[in-house]
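Note sheet for the following structure.
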Amino acid sequence: MAICSAAATAPVTQSAAEDCRRQYGPSVWGDFFISYEPCTPEELLSMQEKARALKEEVRRIVLAAAAAAAASDDHDLVRKLELVDALQRLGVDYHFKKEIDVLLLAVYGDEDGGSNDLYVASLRFYLLRKHGYIVSSDVFLKFRDEQGHISSDDVGTLTTLYDAAHMRVHGEDILDNIIAFNKSRLQSLLMKANLDPALLEEVRVTLETTRFRRVERVEARRFISVYEKKAVRDDTILEFAKLDYNIVQVVYCNELKELTIWWKDLRSRVDLTFSRDRLVEMHFWMMGIVYEPHYSYARIMLTKQVLFMALLDDIYDNYSSTEESNIFTSALERSVTELT
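In terms of full-length UniProt numbering, the sequence shown opens at residue 1 and continues consecutively.
In structure tokens:
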């Protein structure tokens with residue numbers, strides 16, 4: 001595949017290119033992560049030991065819910081779905097993938113589960129589609145009003161329905177209509193002065209970024225605070241989520257320490273003042289792709305890769321004339337051809 005070459009209405013001379021070159025200052029982070037220690041080794045060990053014990057307690061909670069689902073005990077279907085949803089939004093579901101798969105498989109087998117409750121039907125549809133199950137959008141047909149719209153006066157149901165509709169595929173008109181109709185309804189809720197602040201924030205976040213598109217760790221940090229204020233919550237899950245979040249943050253800080261040392265060494269040997277120092281930003285991007293702590297090596301290598309991509313971007317945008325850019329593009333294309 002050819003690399004796009006630089007284009008301009010008129011060639012840029014060498015002197016003009018030099019005049020336009022920017023000199024970027026150092027990153028605001030500097031060497032922060034080289035010396036930063038989020039906690040002592042003793043504190044980390046204590047958190048890990050406590051988290052291991054809580055993890056097994058949470059596992060038993062999930063297994064109990066899965067066993068109830070397998071027994072076709074659907075009177076508490078809402079609790080099972082909300083359990084999975086909470087684990088995902090709190091950022092700890094990666095610990096219980098097998099258990100969650102068993103639970104959702106049982107929920108999937110109960111085709112009539114929650115069929116008369118829009119909230120349950122929406123949450124069930126969202127979770128099953130997110131996990132790759134084939135679920136027909138026709139489950140929403142029975143909820144249409146006389147005008148053919150599907151909506152709710154309950155804010156929680158409305159946001160869940162809106163999120164579920166975004167799991168659409170091409171050609172699902174019913175889900176397209178749900179999004180179009182309810183977006184304006186959600187926007188109107190932002191103008192209500194008497195709406196509960198927690199619900200108002202949930203509406204704002206839903207309109208800004210639908211649930212499945214959010215960065216997992218950012219959502220986990222936000223939802224921990226939301227979940228903590230809920231009247232109905234599981235304190236064991238909450239405590240485990242807090243510990244897990246802090247433990248994973250230590251992993252990220254250690255990665256940034258390693259990356260900062262590597263990047264600082266590279267910049268000491270090569271003049272990169274013409275480029276932006278985007279190390280922390282690139283690591284954050286990669287954390288959005290793979291956030292689990294056991295993918296630490298992948299995050300580090302991906303961060304290095306996109307840093308070089310950002311470096312190339314700055315070379316094209318800021319460092320070279322049109323003639324130089326074309327020569328550089330040709331060299332890159334030759335190297336790609338040789339490698340392949």
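Using N, Cα and C, we set each Cβ at its ideal position, and we do this for glycine too. Since this is a predicted model, take the numbers as computed values, not measurements.
Residues in the same chain with beta-carbon distance under 6 Å from residue i, minus the five sequence neighbours each way, listed in chain order, please.
i: residue 225; result: none
i: residue 87; result: 93
i: residue 150; result: 140, 143, 144, 178
i: residue 215; result: 288
i: residue 122; result: 160, 161, 164
i: residue 12; result: Low confidence applies to residue 12: its pLDDT is 46, below 50, so where it sits in the model is not reliable, and the reading given next is rough at best. So the list reads 321, 322, once near-sequence residues are dropped.
i: residue 2; result: Note that residue 2 has pLDDT 45, beneath the 50 cutoff, so the model's placement of it is unreliable and no number is given.
What does the alpha-carbon distance come out to for the pair residue i and residue j?
i: residue 300; j: residue 245; result: 19 Å
i: residue 74; j: residue 125; result: With a pLDDT of 49 at residue 74, under the threshold of 50, the predicted position of this residue should be treated as unreliable, though the coordinate-derived value follows. Residue 74 and residue 125: Cα-Cα distance of roughly 16 Å.
i: residue 53; j: residue 42; result: 17 Å
i: residue 203; j: residue 267; result: 44 Å
i: residue 60; j: residue 165; result: 32 Å
i: residue 183; j: residue 322; result: 46 Å
i: residue 132; j: residue 101; result: 11 Å
i: residue 240; j: residue 44; result: 14 Å
i: residue 238; j: residue 228; result: 7 Å
i: residue 56; j: residue 105; result: 22 Å
i: residue 231; j: residue 191; result: 25 Å
i: residue 185; j: residue 211; result: 18 Å
i: residue 283; j: residue 256; result: 8 Å
i: residue 265; j: residue 172; result: 53 Å
i: residue 58; j: residue 236; result: 7 Å
i: residue 39; j: residue 253; result: 10 Å
i: residue 295; j: residue 91; result: 15 Å
i: residue 134; j: residue 128; result: 8 Å
i: residue 337; j: residue 309; result: 18 Å
i: residue 80; j: residue 201; result: 25 Å
i: residue 180; j: residue 305; result: 39 Å
i: residue 329; j: residue 307; result: 18 Å
i: residue 247; j: residue 218; result: 15 Å
Please list, in chain order, all residues of the same chain as residue i whose beta carbon is under 7 Å from its beta carbon, the five residues on each side excluded.
i: residue 29; result: 280
i: residue 341; result: Given that the chain is displayed from residue 1 to residue 340, the structure contains no residue 341 and the question cannot be resolved.
i: residue 298; result: 290
i: residue 206; result: 159, 162, 163, 186
i: residue 195; result: 189
With residue i as the anchor, note down where its alpha helix (DSSP H) starts and where it stops.
i: residue 223; result: 216 to 228
i: residue 34; result: 32 to 35
i: residue 141; result: Where residue 141 is concerned, there is no enclosing alpha helix (DSSP H), given that its DSSP letter is neither H nor E.
i: residue 197; result: 197 to 208
i: residue 179; result: 173 to 189
i: residue 165; result: 155 to 165
i: residue 120; result: 118 to 130
With a CB to CB cut of under 8 Å and the five nearest residues on each side skipped, what residues in its chain are close to residue i?
i: residue 138; result: 174
i: residue 152; result: 118, 119, 158, 161
i: residue 261; result: 34
i: residue 148; result: 177
i: residue 302; result: 286, 289, 290
i: residue 31; result: 260, 264
i: residue 198; result: 226, 229
Given 7 Å as the limit, tell me if residue i has its C-beta closer than that to any heavy atom belonging to the ligand GTP.
i: residue 201; result: You won't find the ligand GTP in this model; it holds no ligand whatsoever.
So, is the C-beta of residue i closer than 8 Å to a C-beta in chain B?
i: residue 127; result: This model lacks chain B altogether; it includes just one protein chain.
task: Jot down the residue ranges of each uninterrupted alpha helix (DSSP H) in the UniProt domain "Terpene synthase metal-binding" (264 to 334), minimum 4 residues, whole runs only, in chain order.
output: Segments of the alpha helix (DSSP H) lying fully in the UniProt domain "Terpene synthase metal-binding" (264 to 334): 279 to 289, 296 to 314.
field: Segments assigned alpha helix (DSSP H), at least 4 residues, entirely inside the region 43 to 104
entry: If you keep only unbroken alpha helix (DSSP H) runs of at least 4 residues inside the region 43 to 104, you get 77 to 89.
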